[in-house]
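As structure tokens, the structure follows; a few thoughts come after it.
In the working numbering, the protein residues as written are 68 to 208.
Right, here's the structure in full:
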């Protein structure tokens with residue numbers, strides 16, 4: 068079961084994409100195998116958000132947009148950090164920010180995605196794109 072903030076995000080995506088209720092329910096069924104957003108788990112939520120992203124939805128919080136002009140030019144953009152989080156979530160099958168930070172520290176000597184410079188950001192994204200999702204890796208071996 069996911070929390071109310073995630074359910075709100077799903078409904079925001081539905082509204083921004085101007086989806087009918089039938090299209091929305093079909094997307095939930097296709098992506099996560101449920102008929103209602105209240106029945107989603109973390110893996111289903113991730114799958115639904117990937118599907119919304121494929122349809123063109125991108126969520127940017129107001130605080131991130133407000134902070135963006137103050138970002139140092141050499142640091143990763145909000146979009147890049149979001150991509151890194153989505154790729155990590157697809158790899159793990161669930162939200163795991165602590166795991167992402169631990170992996171970044173171990174592999175790239177960076178304690179948080181917001182401290183990544185542009186060159187390291189590209190390396191992180193390339194590395195994460197080459198990862199196989201853990202569930203898929205278990206079934207193929």
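Ideal Cβ positions, reconstructed from N, Cα and C, are used throughout, including at glycine. Note that the structure is predicted; figures quoted are calculated from it, not measured.
Excluding the 5 residues preceding and the 5 following residue i in the sequence, name in chain order all residues of the same chain whose CB lies nearer than 6 Å to its CB.
{"i": "residue 69", "result": "107, 112"}
{"i": "residue 147", "result": "188"}
{"i": "residue 167", "result": "155"}
Buried or exposed for residue i, going by 16 or more other Cβ atoms inside 10 Å?
{"i": "residue 104", "result": "buried"}
{"i": "residue 188", "result": "buried"}
{"i": "residue 79", "result": "exposed"}
{"i": "residue 156", "result": "buried"}
{"i": "residue 165", "result": "exposed"}
{"i": "residue 46", "result": "As displayed, the chain neither begins before 68 nor continues past 208, which places residue 46 out of reach and without an answer."}
{"i": "residue 122", "result": "exposed"}
{"i": "residue 159", "result": "buried"}
{"i": "residue 114", "result": "buried"}
{"i": "residue 82", "result": "exposed"}
Using a Cβ-Cβ cutoff of less than 8 Å, which residues in the same chain neighbour residue i once the five nearest sequence positions on both sides are dropped?
{"i": "residue 97", "result": "118"}
{"i": "residue 194", "result": "174"}
Check the DSSP bridge columns for residue i and list the partner residues they point to.
{"i": "residue 70", "result": "None, per the DSSP bridge assignment."}
{"i": "residue 142", "result": "184"}
For residue i, which residues from the same chain have a beta carbon less than 7 Å from its beta carbon, with the 5 sequence-adjacent residues on both sides left out?
{"i": "residue 109", "result": "69, 161, 162"}
{"i": "residue 200", "result": "157, 158, 160"}
{"i": "residue 102", "result": "92, 95, 96"}
Subject >> 4 or more residues per run - each alpha helix (DSSP H) lying fully within the region 72-96 >> reply: none
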